[in-house]
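Before any comments, here is the structure.
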Amino acid sequence: MAEQLYQRDVYGKTLIELGKINKDIVVLDADLSSSTRTGIFAKEFPDRFFNFGVAEQNMMAAAAGLAASGKTVFLSTFAIFASGRAWDQVRNTICYNNFNVKIVATHAGISVGPDGASHQALEDIALMRVIPNMNIIAPCDGPQTAEAIKAAAENKGPFYIRLGRPKVPTLENKGEFKFGKAQVLTEGNDIAIIACGIMVAEALKAVENLVNKGIKARLINMHTLRPIDTEIILNAARTTRGIIVCEEHTTIGGLASSIDEVVSGNYPTKVIRMGIKNRFGQSGEPLELLKEYNLTNVDIEKSAEDFLANR
155 MAEQLYQRDV
165 YGKTLIELGK
175 INKDIVVLDA
185 DLSSSTRTGI
195 FAKEFPDRFF
205 NFGVAEQNMM
215 AAAAGLAASG
225 KTVFLSTFAI
235 FASGRAWDQV
245 RNTICYNNFN
255 VKIVATHAGI
265 SVGPDGASHQ
275 ALEDIALMRV
285 IPNMNIIAPC
295 DGPQTAEAIK
305 AAAENKGPFY
315 IRLGRPKVPT
325 LENKGEFKFG
335 KAQVLTEGND
345 IAIIACGIMV
355 AEALKAVENL
365 VNKGIKARLI
375 NMHTLRPIDT
385 EIILNAARTT
395 RGIIVCEEHT
405 TIGGLASSID
415 EVVSGNYPTK
425 VIRMGIKNRF
435 GQSGEPLELL
445 KEYNLTNVDI
455 EKSAEDFLAN
465 R
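Each residue of the sequence shown is one higher than the last, beginning at 155 in my numbering.
Written out as structure tokens, the structure is:
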């Protein structure tokens with residue numbers, strides 16, 4: 155059985171690793187350091203950690219000031235607050251100036267679970283993707299979280315890195331992580347499935363089941379949503395019968411919209427969107443919610459079968 159890891163734990167440990175190498179790295183949090191795991195960095199480097207309390211807008215503005223002074227800033231809070239409550243400051247103080255601020259948002263998507271709709275960020279990618287200069291990564295597991303954090307540290311400019319709350323399985327044989335370049339996890343020309351974040355593991359289960367039914371699906375881990383890998387998307391459009399997009403996010407403005415924008419202007423093909431469709435989240439256990447919103451591997455498998463049966 156694949157190792158299960160909290161992406162948040164990996165994030166905290168990676169901050170320690172980077173902090174030892176680069177003394178200009180500072181970390182900010184909005185009174186959630188035990189949940190986001192930035193508290194690990196705070197214990198190791200207390201003079202380079204700042205808790206802003208429940209004042210996310212102020213934290214974003216302060217991050218811009220620190221970045222303007224030459225610091226590499228990592229800041230964290232829940233995704234709903236990082237993207238929604240502080241959007242004005244992210245746009246006007248961080249991204250407008252192209253500052254070196256890395257927003258690592260945890261507790262994204264419906265898999266937050268019992269906290270319910272008020273804490274389930276289903277629109278965060280859309281909100282961040284629309285801002286010029288913003289880079290976006292949604293890693294699929296623990297090890298890829300570490301790679302994403304390191305990529306953000308190595309590349310200048312604003313980043314939004316989307317992490318979940320629950321443990322996620324570690325996926326094997328992903329290949330080398332390259333910022334801006336998607337990964338092909340399985341080969342197949344019947345249909346392409348493009349996923350990000352925790353949906354990659356669900357999609358992989360579906361692909362494995364489809365093989366037993368004689369359907370060969372190409373699974374693409376689109377870990378970087380901005381800049382998006384247009385080459386791999388267009389190749390999928392040209393060489394498969396269609397694309398299914400899986401995301402733990404509204405189907406408006408996120409990964410599916412990104413795919414649509416690429417294929418519609420270059421090589422139009424059928425794109426099926428699997429995500430949250432015009433609904434808020436709700437309280438429940440993560441697996442229950444994935445079932446409620448039709449985002450399980452069973453749902454993906456059925457979507458692929460139905461799609462191919464009607465083509």
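No residue lacks a Cβ here, since even glycine has one placed at the ideal position from N, Cα and C.
DSSP state of residue i mapped onto helix, strand, coil
i      : result
Arg372 : strand
Ser230 : strand
Ala349 : strand
Arg245 : helix
Tyr165 : helix
Asn363 : helix
Asn176 : coil
Candidates the options, of which the one nearest residue i by Cα
i      : options                           : result
Ala336 : Asn212, Arg372 and Glu362         : Arg372
Asn309 : Val208, Ser272 and Lys332         : Lys332
Glu277 : Phe461, Phe434 and Lys456         : Phe434
Gly438 : Ile347, Gly429, Met214 and Gly270 : Gly270
Asn287 : Lys367, Arg392 and Val255         : Val255
Phe232 : Glu171, Thr192, Ile387 and Phe461 : Thr192
Ala184 : Gln161, Ala209, Phe199 and Glu171 : Ala209
Ile194 : Asp163, Ile413, Val258 and Asn246 : Asp163
Ser539 : Phe313, Pro422, Arg427 and Cys249 : The requested residue 539 does not occur in the structure, where the chain is confined to residues 155 to 465.
Ile248 : Ile234, Ser223 and Ala218         : Ala218
Asn448 : Glu459, Gln436, Pro293 and Lys431 : Lys431
Ile374 : Asn366, Lys328 and Leu364         : Lys328
Met528 : Asp201, Ile413, Asp242 and Ala262 : Nothing about residue 528 can be read from this structure; the chain reaches only from 155 to 465.
Lys424 : Asn451, Glu446, Thr378 and Ile348 : Ile348
Cys294 : Met376, Ile345 and Val452         : Met376
Ala391 : Glu446, Asp460, Ala357 and Ile426 : Ile426
Rounded C-alpha distance that separates residue i from residue j
i      : j      : result
Phe228 : Phe203 : 10 Å
Ala302 : Gly296 : 10 Å
Asn389 : Asn205 : 46 Å
Lys197 : Ala221 : 22 Å
Met282 : Arg316 : 11 Å
Ala240 : Ala280 : 14 Å
Leu339 : Val180 : 35 Å
Pro440 : Ser265 : 4 Å
Pro320 : Cys350 : 15 Å
Gln211 : Gly408 : 23 Å
Asn343 : Glu455 : 16 Å
Ile382 : Ser411 : 11 Å
Ala236 : Ser187 : 14 Å
Ala275 : His403 : 8 Å
Ser189 : Gly267 : 14 Å
Thr260 : Gly311 : 20 Å
Glu171 : Gln158 : 21 Å
Gln161 : Gly318 : 7 Å
Val361 : Glu326 : 15 Å
Ile290 : Ser272 : 23 Å
Gly368 : Arg465 : 16 Å
Ser223 : Tyr250 : 16 Å
Gly419 : Ile175 : 44 Å
Thr226 : Gly238 : 23 Å
Thr299 : Gly173 : 16 Å
Val416 : Lys359 : 27 Å
Asn363 : Asn451 : 9 Å
Leu182 : Leu379 : 24 Å
Thr324 : Val258 : 20 Å
Delimiting residues of the alpha helix (DSSP H) encompassing residue i
i      : result
Leu449 : That residue, Leu449, is in no alpha helix (DSSP H); it is neither H nor E in DSSP.
Phe195 : Gly193 to Glu198
Ser187 : Ser187 to Thr190
First and last residue of the uninterrupted beta strand (DSSP E) at residue i
i      : result
Val322 : Lys321 to Pro323
Ile382 : Neither: Ile382 is in no beta strand (DSSP E) and is coded neither H nor E.
Leu159 : Gln158 to Tyr160
Leu220 : From DSSP, Leu220 is part of no beta strand (DSSP E) but of the alpha helix (DSSP H) over Glu210 to Ala222.
Asp183 : Ile179 to Asp183
Asn147 : Because the chain here runs from 155 to 465, residue 147 falls outside it and cannot be looked at.
Any chain B beta carbon closer than 7 Å to residue i
i      : result
Gln158 : Judged by its chain identifiers, the structure shown contains no chain B, having just a single protein chain.
> If you scan the region 401 to 437 from start to end, which runs of the beta strand (DSSP E) of 3 or more residues do you find wholly inside it?
Replying inline: The region 401 to 437 is shown to contain whole beta strand (DSSP E) runs of 3 or more residues at 425 to 430, in chain order.
> Which runs of the beta strand (DSSP E) spanning at least 3 residues fall entirely within the region 306 to 341, listed in chain order?
Replying inline: Taking 3 residues as the shortest admissible run, the region 306 to 341 contains the following complete beta strand (DSSP E) segments, listed from N- to C-terminal end: 313 to 316, 321 to 323 and 337 to 340.
> Curious, which full-length alpha helix (DSSP H) runs of at least 4 residues does the region 247 to 304 contain?
Replying inline: List check, alpha helix (DSSP H) in window: 278 to 283.
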